[in-house]
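Reviewing the structure listed below.
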Amino acid sequence: METLGYLIDGFGVALAPHNLMFALMGAFLGTLIGALPGLGPANGVAILIPLAFSLGLAPETALIMLTAVYAGAMYGGRISSILLNIPGDEPAMMTCLDGYPMAQQGKAAEALAISAVASFIGSLVATIGLILLAPLLARFALTFGPAEYFALFLLAFATLGGITGKNPMKTVVAACIGLMIATVGIDNTGVQRYTFGTLELYEGVDFIIAIVGLFAISELLFFIEARAGGGKAKMMVNKLSLKWADIRNILPSSLRGGVLGFIAGVLPGAGASLGSFIGYTLEKKVVGKQGYFGQGDPRGVAGPEAGNNGASSGALVPMLTLGVPGSGTTAVLLALLISLNITPGPLMFTQNADIVWGVIAALLIGNFLLLVLNIPMVGIFVKLLSVPPMYLLPVVTMIAFVGIYSISNTTFDLYFMVAFGVAGYLFRKLEIPLVPIILGLLLGPEMEKNLRHAMDISDGDWTILWDSGLAIGLWLFAGLGLILPYVVGPILRRRMHRAAGSGGPEAD
Amino acid sequence: MRYNDRTFGILMIVLAVAYGWGATQLPEPFGGSEAVGPETFPLLLAVVLGLSSLYMILRPDPDNAWPWSRTGIELVVAVLVLVLYAALLQPLGFILSTTLAVGTLCWRMGSTPVRAYLTGAASGVVVFLLFNFALDLALPLGLLAFLEVS
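Protein sequence lines, in the order shown, are assigned to chains A and B.
Residue numbers for the first sequence follow our numbering, so the first one is 1191 and each next one is one higher.
Residue numbers for the second sequence follow our numbering, so the first one is 2 and each next one is one higher.
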């Protein structure tokens, strides 16, 4: 019942007029970002962070706005999957399977509306799960000592690639690079490390500059390389004719998808793409012969769509309770928390209760806003799909420049951002994942601090790192996170590809 | 062809060695050494990076093609535009430098020059007005400083 009281307080925060306004703005911007070509959720949130920062928003307002952006981007991503058969991000892959056939049959508006409803239900289920699970996990996390935290950080890195990831060793390389960048600057003992006497480096590398550079600038370079400057053809959407029976028809699928997605989102290493994949295959098994999956079955849109939205809310659980994000976008949200001077982790639930519960309440309200926003305004978002990237990306780059410039008003940061952009382009070419680099930058100082505390407690005895049962368990899972991709990864990847590739009803 | 991963792996090993050596050169902190000094964590990282890079050299993934030829030049041009944008932001002012930078990028990405620079100018003016008046964040006017309303 304690939780309910906090939640009501949270609604008090989230329903304050200016917070509500920023939530609405965030939801709208997020859908826009999701719908526009070449702007993923992580990228979009990253570009908006410096702006939220230089606007001087209160911590809870900034967080509410960017959570709404996050939820909105998930909504927006499905528009291109359904209309163009191009998944905006990996989790949206499964939505293409039945969404695109529906659009071809002239039922694009219905497909979009169904996916909006399913997304809403998925997020709702997952947010309720978040409300129930997060306080429990936070209380449990209070028993963690520094050694357990150190092992937990390792687990976070090891599972970041997910069990469907391609080459876990590249995740390790990327994490090391990020952690190394994090060691630049003056450390806890007052020693300068790797600053080469440059004044700008004394305070370390600002991770917001790194994130915006790695994501936004490298995206621009990729578009230039792909010569994808031209826009897509204009899309027409038919008039919506959705009956209550249609919604009732997809309700069970959405609920199942939402629950599965939430579980996949909470567990380390599973992630949203696996969530929507399991959602889709389970739907096919449950519905069985009566379904016509792959040929425009609305349930095939609802299941994975609820799954991937459930997963994105589920991914907030480890981020809020342990301070360890499980996905790229939650890593970017963690960056926002750290730069607002809020220490993420279990203590946040007691020390910054208004912020945590405000954000959770904002998630509920945001989803409702998104549903209301999405059904009538889908026409506008569809038009955005045909904005040619040759105009869009330069303008987005300019906004990234303005955002970074407005933090400190120095040009040094801009050069730094461009350098990170070029590095990001090279990393992506080499298939070195960017998210572990960012996570390394964010978690580096915490990780070193916990190592130092653990060693102080044990008086320099390294065995303390795997001394408790909990720590051993975490090390074990971290090891599995690196080994499993080699064992089951190829099988799972092949299955997902077969399902996505042929899209036929006989594909398993 | 599996040169990319090998080359990158070698570079990373060089980095790991240099970084690790740098760590051993760090001065002892004021107040004597501790179990975990400033060099412990970096040394750990250097070892892990060295080993994982070694794996990349031994088991490299197939290469992605690099864009030599014209696309490569376009990329270099784009990076140069971004560097110049950063350099000219303060001297030229936000509106002029944005017009040039966004315009050139749009043009190189395939727009007609007139529409490209119009997009640049329009976006520059809109963002400038938005920031200076709606959001109260001063962006530099540079050469256009004479327009300033005091």
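For each residue, glycine too, the CB sits at the ideal point set by N, CA and C.
The structure presented is a predicted model; accordingly, all values stated were derived computationally and were not measured.
Quick one, which of the options has its alpha-carbon nearest residue i's?
{"i": "A/Val-1381", "options": "B/Pro-28, B/Ala-17 and B/Thr-99", "result": "B/Pro-28"}
{"i": "B/Arg-60", "options": "A/Ile-1321, A/Lys-1360, A/Ser-1648 and A/Ser-1517", "result": "A/Lys-1360"}
{"i": "A/Tyr-1412", "options": "A/Leu-1229, A/Val-1362, A/Lys-1297 and A/Thr-1257", "result": "For clarity, residue 1412 of chain A is Phe in the given sequence; the question names Tyr instead. For A/Phe-1412, the nearest C-alpha among the options comes from A/Leu-1229."}
{"i": "A/Glu-1621", "options": "A/Ile-1321, A/Gly-1296, A/Asn-1275 and A/Val-1362", "result": "A/Val-1362"}
{"i": "A/Leu-1553", "options": "A/Thr-1388, A/Pro-1515, A/Ala-1505 and A/Leu-1583", "result": "A/Ala-1505"}
{"i": "B/Gly-10", "options": "B/Leu-50, B/Gly-38, B/Pro-30 and B/Pro-39", "result": "B/Leu-50"}
{"i": "B/Ala-1", "options": "B/Gly-94, B/Phe-134 and B/Met-13", "result": "Because chain B here runs from 2 to 151, residue 1 of chain B falls outside it and cannot be looked at."}
{"i": "A/Phe-1397", "options": "A/Ile-1239, A/Met-1255 and A/Val-1491", "result": "A/Ile-1239"}
{"i": "A/Val-1203", "options": "A/Ala-1217, A/Trp-1547 and A/Ile-1414", "result": "A/Trp-1547"}
{"i": "A/Ile-1699", "options": "A/Gly-1518, A/Pro-1566 and A/Lys-1356", "result": "Within the shown structure, residues of chain A are numbered from 1191 to 1698, placing residue 1699 of chain A beyond reach of any answer."}
{"i": "B/Leu-90", "options": "B/Leu-142, B/Asp-62 and B/Arg-7", "result": "B/Leu-142"}
{"i": "B/Trp-108", "options": "A/Gly-1500, A/Arg-1417 and A/Leu-1219", "result": "A/Arg-1417"}
{"i": "B/Ser-124", "options": "A/Val-1586, A/Ile-1647 and A/Phe-1606", "result": "A/Val-1586"}
{"i": "B/Arg-71", "options": "A/Phe-1218, A/Phe-1343, A/Glu-1415 and A/Gly-1493", "result": "A/Glu-1415"}
{"i": "A/Phe-1212", "options": "A/Val-1259, A/Phe-1201, A/Asn-1233 and A/Pro-1231", "result": "A/Val-1259"}
{"i": "A/Gly-1614", "options": "A/Val-1402, A/Leu-1320 and A/Leu-1302", "result": "A/Val-1402"}
{"i": "A/Leu-1302", "options": "A/Val-1568, A/Leu-1537, A/Pro-1494 and A/Tyr-1339", "result": "A/Val-1568"}
{"i": "A/Ala-1261", "options": "A/Leu-1245, A/Ile-1223 and A/Gln-1294", "result": "A/Ile-1223"}
{"i": "A/Thr-1221", "options": "A/Ala-1316, A/Leu-1559, A/Gly-1465 and A/Thr-1388", "result": "A/Leu-1559"}
{"i": "B/Leu-144", "options": "B/Ile-96, B/Arg-3 and B/Leu-136", "result": "B/Ile-96"}
Rounding to the nearest angstrom, what Cα-Cα distance links residue i and residue j in this structure?
{"i": "A/Asn-1439", "j": "A/Arg-1489", "result": "8 Å"}
{"i": "A/Thr-1257", "j": "A/Ser-1444", "result": "22 Å"}
{"i": "B/Thr-41", "j": "A/Gly-1394", "result": "18 Å"}
{"i": "A/Met-1264", "j": "A/Val-1456", "result": "17 Å"}
{"i": "A/Leu-1197", "j": "A/Ile-1555", "result": "12 Å"}
{"i": "A/Asp-1377", "j": "A/Lys-1639", "result": "10 Å"}
{"i": "A/Leu-1287", "j": "A/Asn-1498", "result": "14 Å"}
{"i": "B/Ala-79", "j": "A/Phe-1386", "result": "29 Å"}
{"i": "A/Cys-1399", "j": "A/Gly-1481", "result": "Here the sequence assigns Ile to residue 1399 of chain A, which means Cys is not the residue at that position. Spanning the two alpha carbons is a distance of roughly 49 Å."}
{"i": "A/Asn-1531", "j": "A/Glu-1250", "result": "12 Å"}
{"i": "A/Leu-1561", "j": "B/Thr-113", "result": "39 Å"}
{"i": "A/Ala-1328", "j": "A/Thr-1511", "result": "5 Å"}
{"i": "A/His-1208", "j": "B/Leu-131", "result": "19 Å"}
{"i": "A/Glu-1390", "j": "A/Phe-1483", "result": "57 Å"}
{"i": "B/Gln-26", "j": "B/Phe-134", "result": "51 Å"}
{"i": "A/Leu-1523", "j": "A/Ala-1252", "result": "10 Å"}
{"i": "A/Thr-1471", "j": "A/Gly-1478", "result": "10 Å"}
{"i": "A/Ile-1318", "j": "A/Ala-1543", "result": "17 Å"}
{"i": "A/Ser-1699", "j": "B/Gly-23", "result": "Chain A is shown only over 1191 to 1698; residue 1699 of chain A falls outside these bounds and no answer can be derived."}
{"i": "A/Ala-1668", "j": "A/Leu-1344", "result": "6 Å"}
{"i": "A/Arg-1683", "j": "B/Val-126", "result": "48 Å"}
{"i": "A/Ala-1697", "j": "A/Met-1645", "result": "Since pLDDT at A/Ala-1697 reaches only 31, below the 50 mark, its modelled position is unreliable, and no value is offered."}
{"i": "A/Met-1607", "j": "A/Leu-1332", "result": "37 Å"}
{"i": "A/Trp-1656", "j": "A/Leu-1616", "result": "37 Å"}
{"i": "A/Leu-1210", "j": "B/Asn-65", "result": "46 Å"}
Hey, would you say residue i sits closer than 9 Å to residue j, going by beta carbons?
{"i": "A/Leu-1660", "j": "A/Phe-1243", "result": "no"}
{"i": "A/Leu-1641", "j": "A/Pro-1336", "result": "yes"}
{"i": "A/Val-1625", "j": "A/Ala-1551", "result": "no"}
{"i": "B/Tyr-20", "j": "B/Leu-52", "result": "no"}
{"i": "A/Gly-1225", "j": "A/Leu-1575", "result": "Reading off the sequence shown, one finds Ala at residue 1225 of chain A, where the question assumed Gly. Yes."}
{"i": "A/Asn-1284", "j": "A/Phe-1467", "result": "The residue asked about is misnamed: residue 1284 of chain A is Met in this sequence, not Asn. It is a contact, given that the beta carbons lie within the stated cut-off."}
{"i": "A/Tyr-1392", "j": "A/Gly-1368", "result": "no"}
{"i": "A/Gly-1296", "j": "A/Met-1255", "result": "no"}
{"i": "A/Ala-1496", "j": "A/Ile-1272", "result": "no"}
{"i": "A/Pro-1231", "j": "A/Gly-1289", "result": "no"}
{"i": "B/Leu-140", "j": "A/Tyr-1595", "result": "yes"}
{"i": "A/Met-1580", "j": "B/Thr-99", "result": "no"}
{"i": "A/Leu-1563", "j": "A/Val-1235", "result": "no"}
Report back the beta-carbon spacing between residue i and residue j to the nearest angstrom; my notes put them in contact at under 8 Å.
{"i": "A/Ala-1348", "j": "A/Gly-1630", "result": "So it is not a contact: roughly 13 Å between Cβ atoms."}
{"i": "A/Gly-1513", "j": "A/Gly-1535", "result": "4 Å"}
{"i": "A/Thr-1600", "j": "B/Gly-38", "result": "A/Thr-1600 to B/Gly-38, Cβ: 32 Å. No contact."}
{"i": "B/Ala-102", "j": "B/Tyr-86", "result": "4 Å"}
{"i": "A/Ala-1341", "j": "A/Trp-1665", "result": "5 Å"}
{"i": "A/Phe-1539", "j": "A/Pro-1325", "result": "6 Å"}
{"i": "A/Leu-1247", "j": "A/Gly-1593", "result": "Wrong, their Cβ atoms sit about 13 Å apart, outside the cutoff."}
{"i": "A/Leu-1404", "j": "A/Ile-1654", "result": "Not a contact, Cβ separation roughly 35 Å."}
Output, in chain order, the set of chain A residues within a Cβ distance shorter than 7 Å of residue i.
{"i": "B/Phe-147", "result": "Per Cβ cutoff of 7 Å: no residues; B/Phe-147 is ~22 Å from chain A at best."}
{"i": "B/Pro-28", "result": "Val-1381"}
{"i": "B/Pro-114", "result": "Here the premise fails: no neighbours, minimum Cβ distance about 12 Å."}
Which residues in chain A sit within 8 Å of residue i, going by Cβ to Cβ distance?
{"i": "B/Thr-72", "result": "Ile-1414, Glu-1415 and Arg-1417"}
{"i": "B/Phe-132", "result": "Val-1592 and Ser-1596"}
{"i": "B/Val-15", "result": "Result: empty, since nearest Cβ-Cβ is about 13 Å, beyond 8 Å."}
Applying a beta-carbon distance threshold of less than 9 Å, which residues of chain B neighbour residue i?
{"i": "A/Lys-1573", "result": "Near A/Lys-1573 there are no residues of chain B at all, since even the closest Cβ is about 18 Å away, more than 9 Å."}
At 8 Å on the CB atoms, spell out the chain B contacts of residue i, in chain order.
{"i": "A/Ile-1407", "result": "Leu-83"}
List, in order along the chain, the chain B residues whose C-beta lies closer than 7 Å to that of residue i?
{"i": "A/Asp-1377", "result": "Pro-39"}
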